[in-house]
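Residue 10 in the UniProt record's numbering is what sits at position 10 of the sequence shown, and the numbering runs on without skipping anything.
Structure record follows, encoded as structure tokens.
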Amino acid sequence: MKKIFMILILFLLFNSICFAQTKEVRLRVDGLACPFCAYGLEKKLKLLEGLESLNISLKKGLVEMTFKEDNNLDISKLKTIVKDAGYTLKGVEISSFGYVKKEAENFLFHIKGNPGKFYIFDIGHMQKEYQKDLSVINLNEELKEKLARFFEDRTLIKIIGAIHLHADGSYGLAIKLYSIVAGEK
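Structure below.
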């Protein structure tokens with residue numbers, strides 16, 4: 001009876017972790033100068049489906065959000081909300097659960113339950129083109145091998161990383177930190 005109970009608990013715990021998708025989002029926002037400004041942006045962001053908590057730091061120009069499980073956050077919606085509120089979105093960092101996919105020679109990160117995909121880039125590309133102060137993991141041969149193994153084994157991983165938008169509408173993701181959730185052999 002104890003074994004069945006433990007298996008049931010592990011099953012429920014595993015499923016709750018797997019369906020979390022995008023749990024945390026940090027936005028770097030230019031132009032937040034006063035509490036009134038922050039309140040205007042806060043009102044707009046609070047309309048996001050699945051938002052659990054929201055914190056705005058005027059000093060740092062940061063917006064930190066957490067989302068409920070089973071959310072389907074659209075990153076492009078964040079850019080639109082910030083722009084419509086009269087501010088400039090300078091950076092997006094996510095903490096998400098998903099799977100590595102491969103398209104030709106590119107690795108992509110698919111957030112669980114979300115149709116979007118993120119091209120995984122190396123630190124050199126990100127720093128040269130987008131965020132010079134970003135501290136991320138370099139996409140070296142060792143990491144490429146791990147990503148290939150995650151793809152082959154359909155390993156569920158958690159990635160914390162910085163996102164940037166390309167001119168063609170696709171998103172890039174620079175990995176700051178990753179951890180294995182389930183599936184690796």
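Ideal placement from N, C-alpha and C gives every residue a C-beta, glycine not left out.
Problem - Beta-carbon contacts of Val25 that lie in its chain and below 6 Å, excluding the five residues immediately before and after - result: Along the sequence shown, one-based indexing puts residue 25 at 25. Within the same chain, Val25 has close Cβ partners Met65, Ile94.
Problem - Coil, strand or helix - Asp84 by DSSP - result: In the sequence shown, counting from the first residue as 1, residue 84 sits at position 84. Three-state result, Asp84: helix.
Problem - For Leu54, the nearest candidate out of Asp30, Lys23, Asp84, Ala33 (CA to CA) - result: Residue mapping note: residue 54 aligns to position 54 of the sequence shown, counting from 1. Nearest C-alpha to Leu54: Lys23.
Practice task
Just mark Phe107 as buried or exposed, buried being the case when its beta carbon has 16 or more other beta carbons within 10 Å.
Solution key: Counting from 1 along the sequence shown, the entry for residue 107 is found at position 107. Burial call: buried.
Exercise for the section: Scan the stretch 139-171 and note each continuous alpha helix (DSSP H) run of 4 residues or more that stays entirely inside, going in chain order. Expected result: Those alpha helix (DSSP H) runs which fall completely within the stretch 139-171 and span 4+ residues are 141-153.
Practice task
Work out the CA separation of Tyr171 and Leu27 for me, nearest whole Å.
Solution key: To locate residue 27, count along the sequence shown from 1; it is residue 27. To locate residue 171, count along the sequence shown from 1; it is residue 171. Going by the C-alpha atoms only, they are around 15 Å apart.
Exercise for the section: Excluding the 5 residues preceding and the 5 following Ile180 in the sequence, name in chain order all residues of the same chain whose CB lies nearer than 7 Å to its CB. Expected result: On the sequence shown, position 180 is the one that residue 180 refers to. Correct list, in chain order: Thr155, Ile157.
Practice task
Would you please state the rounded distance, in angstroms, between the beta carbons of Lys68 and Gly50? I believe it to be under 8 Å.
Solution key: Walking along the sequence shown from the start, residue 68 turns up at place 68. Walking along the sequence shown from the start, residue 50 turns up at place 50. Going by Cβ atoms, the distance from Lys68 to Gly50 rounds to 5 Å, so yes, they are a contact pair.
Practice task
With DSSP as the reference, label Ala38 as helix, strand or coil.
Solution key: To locate residue 38, count along the sequence shown from 1; it is residue 38. In the three-state DSSP reduction, Ala38 falls in the helix class (H, G or I).
Handout entry: Nearest-angstrom Cα separation, counted from Asp30 out to Gly61
Key = The residue given as residue 61 occupies position 61 in the sequence shown. The residue given as residue 30 occupies position 30 in the sequence shown. Gly61 and Asp30 have their alpha carbons spaced roughly 6 Å apart.
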